[in-house]
Amino acid sequence: VLDADVLSNLSRLGSDAGVDLVGQLATLFLVDADSRVAAMRQGLVASDPMAVVESAHALRGASANIGATDLAWVCETLELSEGADEPENAGKLWSGVRSVAAELELVRSALAARSTAG
Amino acid sequence: MRILVADDDPTSRLIVQTALEILGHECFTASDGVQAWEMFLSHHPEVVISDWSMPGLTGLELCRNIRAHEGTYAYFIMVTSNRTREQILEGMHVGADDYLIKPLDADDLQLRLIAAARVTELHQQLDFQRRELEGLNRGLTAISLLDPLTNLGNRRALQADLEMLEARVVRYGHQSCMALIDIDFFKGYNDSYGHLAGDEVITAVANQLKQQARAGDAVYRYGGDEFICLFPQQSLETGAIAVQRMRLGVENLAIAHIGSPLGLLTISAGLALLSADQGKSATDFVREADAALYRAKGLGRNRIESVITPVDSLP
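Residue numbers (my numbering), protein chains in the order written: chain G, 5 to 122; chain F, 106 to 420.
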């Protein structure tokens, strides 16, 4: 779920700076990610596919930063889904957002496990 | 360096900020494009690290604004999560100096900043040299318009001012008055007292003309012992009053001149009028003043004439 190389680079950077960078990033990330998923759901309800795509794009960047590679990939799939603005593809968007939300929960657990372990 | 980080993703901001602070840079962060632009204007950063897609103002628009802005060069690093060649090309074309691809890598960032520091330093040197050159040029321009002996405007300054005056006369229908003034029996003065004394007398007359001129009037050394006064937006009559005062002023200096019938150094003046309806050029203007001066000489010197009418009827 989390890329070990990315996380070890970040924790090295954090220890150089004398801060718990990974812990701070995890907190920032989860708050930001929850609001992005909420925005995606709102976009679905409001039939605003662009809002869904934009939120997916933003969440992809943040996920990649903290090494949540799978989540980044699910976001990218959603972001680049063909014909997102066609009404008949609404179902594809709904399932895409569901995958993002499910993957986010895995990341949340992995980050929590990491912080109790560390 | 002073570095502005613009990104709507808080994790990106924190990673970049942490990396920059380890490297000893001063870091400001903005969470959207509009805020980034405001901070750029108020904080004058040397480097901007900006995300491509941000609400308010995109990274591309921010870069365009910064490049259109006057002032010291800011090194711009575009951050993008799309590796498409087109997007990076577009960013570089708009004025980005470099780019980074997300996910951000602190080591990569450090490498980019080495180039940023070098380029920023070069731009600061260039800026400093440009300011120095501008100052020198201003000084040289001022010097090139001055007569070194009298510190009056020289012929080049007159040329420029006369063209401007002529344009104003044509555009606004003003009239303007000019006086061509020279020292009576100046050759004789030089012969009797020597050229150094001649220079001193030219300076004394120049100072007197300057002193008697009113605000808005301009006095130039035309050459040798000849001076020109410009009286913008004045008639022959009001110009004559000013020149009369100058003539009396020189007479009252009471500089001895054995070559003059009065025994004193005096000046003569010819006046001319430049007005829109007469269709005269600046050159005609000087020629007329010269003819009037010639007349003043013929009529006995220490007097003022215009071509049209004698105006030396004042005491």
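Beta carbons: idealized from backbone N, C-alpha and C, even for Gly. If you're wondering where the values come from, they're calculated on a predicted model, not measured in any experiment.
For this session: Less than 8 Å between the CB atoms is what I'm expecting for F/VAL412 and F/ILE372, so what's the real figure, rounded?
Result: So it is not a contact: roughly 18 Å between Cβ atoms.
Exercise. Nearest to F/ALA179 by alpha carbon, out of F/ASP202, F/PRO160, F/CYS282 and F/VAL152?
Worked result: F/VAL152
Problem set entry | Coarse secondary structure for F/GLN280, derived from DSSP in three states | strand
Exercise. Straight-line CA distance for F/GLU239 to F/GLU226?
Worked result: 20 Å
Exercise. Cα separation between F/ASN407 and F/HIS362?
Worked result: 13 Å
Problem set entry | Helix, strand or coil at F/GLY161 according to DSSP, with G and I counted as helix | coil
For this session: Measuring only between beta-carbons, confirm whether G/GLY65 sits less than 8 Å from chain F.
Result: yes
Problem set entry | Boundaries of the beta strand (DSSP E) in which F/THR58 is found, first to last residue | Nothing can be reported for residue 58 of chain F: it is not among the residues displayed for chain F, which extend from 106 to 420.
Problem set entry | Spatial neighbours of G/LYS96 in its chain, beta-carbon cut-off 7 Å, leaving aside the 5 residues before and after | SER85
Problem set entry | Closer than 8 Å to chain F by CB, G/GLY27 | no
Problem set entry | Burial state of F/HIS149 (16 or more Cβ within 10 Å) | exposed
Problem set entry | Start and end residues, alpha helix (DSSP H) containing G/GLU90 | Here G/GLU90 belongs to no alpha helix (DSSP H), and DSSP marks it neither H nor E.
Exercise. Within the 8 Å Cβ cut-off, does F/THR116 reach chain G?
Worked result: yes
Exercise. At a Cβ threshold of 8 Å, is G/ALA43 touching chain F?
Worked result: no
Problem set entry | Three-state secondary structure (DSSP) of F/ASP213 | helix
For this session: Examine chain F for any beta-carbon lying closer than 8 Å to the beta-carbon of G/ASP74, and answer yes or no.
Result: no
Exercise. What is the DSSP secondary structure of F/VAL153, counted as helix, strand or coil?
Worked result: strand
For this session: Please classify F/LEU419: does DSSP put it in a helix, a strand, or coil?
Result: In this prediction, F/LEU419 has a pLDDT of 42, which is less than 50 and means its spatial position is unreliable; nothing more can be read from the coordinates.
Exercise. At a cut of 8 Å, does the stretch 258-272 of chain F reach the stretch 346-365 of chain F through at least three beta carbon pairs?
Worked result: no
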